[in-house]
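Sequential numbering from 88 applies to the sequence shown in this note's numbering.
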Amino acid sequence: MNDQPQISHPDSANSAAVPAFAEPGVPQIRTLNVPAMQALYVKEVRRFFKVQLQTIWAPAVTTLLFLVIFTVALGGAGRTVIGVPFADFVAPGLIMMAMLQNSFANSSFSLLVGKIQGTIVDYLMPPLAVGELIIALIGAAITRAVLVGLALWVAMLLWPGVHVGPDHLWAVVLFGLLGAMMLSFLGLITSIWAEKFDHAAAVTNFVVTPLALLSGTFYSVDRLAPWFQGVAHGNPVYYAIMGFRYGFIGTVDSTIAHPVLTAALALIAVNVVLGVLTYRLLASGWKLKA
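Following this line, the structure appears as structure tokens:
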């Protein structure tokens, strides 16, 4: 019996080189999954770009009407605010306000529509880590905010009596991105929490809009009562608009020490807190997984 030849499988010599399947839950992509992130980002951008008349041009036109109304009603007789013409003061605030509102609108729609239509699995099943999912969704929301801001800026450049040439381009870019990122995180948290469109609309009406309108967009905060100035200084949107406006007019309407640096640090801190909260909510699967 021992003299019989041993018959081996032709693939037995290479069996050791063939890796075994990993245990369930063990990631196979151990680096940043850039192709998947890019695919999700492009999907989100195409989604809002297919209806660009509603998502980009309509907000730009609506905000431009705000500029026309306020400059006609309040900007006459050479009125100035903190040493600059009223139109030049209010224009950057309007651009920033439109960017914030549209970044929130885009990110608050992403996961919510998936939950309502039953397609949330399209976000949860692909080989995307939580951080990669956040990067793609937040990146798409910031892209929409930037497009709206650029459309408004070009329109205001052509508008008579308004000067929106940036004095400090770095401040325009920094505070534009930080502000859009902040509202994108808030929108993503809203889309995780909300169960229907009414919930997202409630956050828009009772949180985002008051924060935007009470942030010094149309007025100088330093002319308010002391207690109201304290309320404004607790509003993170105020720092986004103040820093963004500084990039255009080179001055601020604040009496706090080192206002531009303080505004940048405040926005970074808020973004870190919102980013950590978003990550923990997505990682836990709260209101997303059964």
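Positions of the beta carbon are idealized from the N, C-alpha and C atoms, including for glycine.
{"Query": "beta-carbon alanine 174 near the ligand ADP non-hydrogen atom, thresh 7 Å", "Result": "For the structure depicted, the ligand ADP is absent and the ligand set is empty, with no information on it obtainable."}
{"Query": "Phenylalanine 396 vs threonine 142 beta-carbon contact at 8 Å", "Result": "As shown, the chain starts at 88 and ends at 377. That puts residue 396 outside it, with no answer to give."}
{"Query": "Local conformation of asparagine 101 per DSSP, three classes", "Result": "Note on asparagine 101: pLDDT 45, under 50, position unreliable in the model; the coordinate value appears next. Reduced to three states, the DSSP call for asparagine 101 is helix."}
{"Query": "Contact under 8 Å by Cβ, valine 418 with phenylalanine 305", "Result": "With the chain running from 88 to 377 in the structure shown, residue 418 is simply not present."}
{"Query": "Assigned exposure category for serine 371 - 16 Cβ within 10 Å defines buried", "Result": "exposed"}
{"Query": "Any 3 or more C-beta pairs closer than 8 Å across the stretch 266-275 and the stretch 215-228", "Result": "yes"}
{"Query": "DSSP-derived helix/strand/coil call for proline 172", "Result": "strand"}
{"Query": "Threonine 167 - partner residues in DSSP beta bridges", "Result": "Pro172"}
{"Query": "Sequence-distant residues of the same chain with beta carbon closer than 7 Å to valine 105, five excluded per side", "Result": "Interpretation of valine 105 is limited by its pLDDT of 42, a score under 50 that renders its predicted location unreliable; no figure is taken from the coordinates."}
{"Query": "Which of helix, strand or coil DSSP assigns to isoleucine 94", "Result": "The predicted position of isoleucine 94 is uncertain, since its pLDDT is 45 and thus under 50; a value taken from the coordinates is nonetheless stated next. In this structure, isoleucine 94 counts as coil in the three-state DSSP scheme."}
{"Query": "Proximity of isoleucine 182 and leucine 239 at Cβ, strictly below 8 Å", "Result": "yes"}
{"Query": "Proximity to isoleucine 355 [Cα-Cα], best of Leu237, Ala327 and Val339", "Result": "Ala327"}
{"Query": "CA-to-CA distance, lysine 202 to proline 172, given in whole angstroms", "Result": "47 Å"}
{"Query": "Limits of the alpha helix (DSSP H) - the one that aspartate 285 falls within", "Result": "284-290"}
{"Query": "Inter-residue spacing [alpha-carbon to alpha-carbon] between glycine 236 and glutamine 204", "Result": "30 Å"}
{"Query": "Sub-8 Å separation of phenylalanine 191 and valine 308 beta-carbons", "Result": "no"}
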